[in-house]
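Novice: Below is the structure I would like to discuss, written out as structure tokens.
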Amino acid sequence: MSRWPYVFFAAAVTYILVGVIWGIYMSITHDFATAPGHAHLNLLGWVSLSLMGGFYALLGRDTPRWLIAGNFLLNNIGVVCMAGGLALGLSQTVPIEQLAPLIAVGAFATLLGFAAFAGAVIIGLRNAVPADRRQRTRLAAA
Ligand code: HEM
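The sequence shown begins at 2 in this note's numbering and counts up one residue at a time.
So, in structure tokens, the structure goes:
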């Protein structure tokens with residue numbers, strides 16, 4: 002198997018470790034202002050990258066490497082810019098207006114990353130052999 006699924010899962014577990022510590026910190030301090038940042042880190046970082054890693058391990062093995070790499074890069078830029086921007090803005094560390102470009106870059110990188118993943122799914126779907134054709138091939142060979 003290619004190393005790509007492991008790369009996706011390595012990034013995903015890194016984000017969930019940070020995300021869970023962030024959640025515990027909010028619980029202890031009773032300061033929930035940055036909850037949307039925590040949610041985006043967990044959902045875009047842990048959930049989405051894990052799903053993609055699972056897809057590349059099981060189904061998307063014939064996806065071109067450049068598409069997997071683009072998917073990985075774009076979605077990671079997206080997570081870091083969105084979760085980081087939300088955390089800095091909602092904690093009032095940096096005025097939210099100044100963070101709008103960072104969050105916008107994160108949002109569009111995320112969109113393009115999911116578009117790259119959609120491309121991988123479409124390639125997989127086109128290459129998948131329908132079950133009835135597979136059965137006919139098996140019968141013809143017997
Ligand atoms: C030990 C693990 C976790 C802890 C301690 C934790 C803690 C918290 C806390 C304190 C809040 C704020 C609640 C409020 O505003 O009243 C929150 C919100 C949230 N968390 Fe977590 N969380 C954890 C794991 C996760 C995971 C794994 C996910 C998703 C995969 C997640 C997704 C969310 C979402 C979607 C919100 C709502 C955000 C919002 O209202 O803007 N959390 N969490």
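Virtual Cβ for every residue (Gly too), placed ideally from N, Cα, C. Just so you know, these numbers come straight off a predicted model, no measurement behind them.
So does VAL48 have its beta carbon nearer than 8 angstroms to some heavy atom of ligand 1?
Specialist: Because some heavy atom of ligand 1 lies under 8 angstroms away, the Cβ of VAL48 counts as near it: yes.
Novice: With a Cβ-Cβ cutoff of 9 angstroms, do ILE124 and THR64 count as a contact?
Specialist: Yes; because the gap between Cβ atoms is below 9 angstroms, this pair is in contact.
Novice: So is the beta-carbon of LEU126 under 8 angstroms away from any non-hydrogen atom of ligand 1?
Specialist: False, no ligand heavy atom lies under 8 angstroms from that Cβ.
Novice: By DSSP, does PHE33 sit in helix, in strand, or in coil?
Specialist: Note: PHE33 maps to coil in three-state DSSP.
Novice: Kindly list the residues whose CB is nearer than 8 angstroms to the CB of PRO96, restricted to its own chain and excluding five residues on each side of it in sequence; keep chain order.
Specialist: Once the five neighbours on either side are set aside, the close Cβ partners of PRO96 are GLY90.
Novice: Ends of the alpha helix (DSSP H) at MET2?
Specialist: Neither: MET2 is in no alpha helix (DSSP H) and is coded neither H nor E.
Novice: Between ALA105, GLN99 and SER3, which has its C-alpha nearest ILE78's C-alpha?
Specialist: When only C-alpha atoms are compared, the closest one is ALA105.
Novice: Taking 9 angstroms as the cut-off, decide whether the C-beta atoms of LEU103 and GLY86 are in contact.
Specialist: A contact, by the Cβ cut-off of 9 angstroms.
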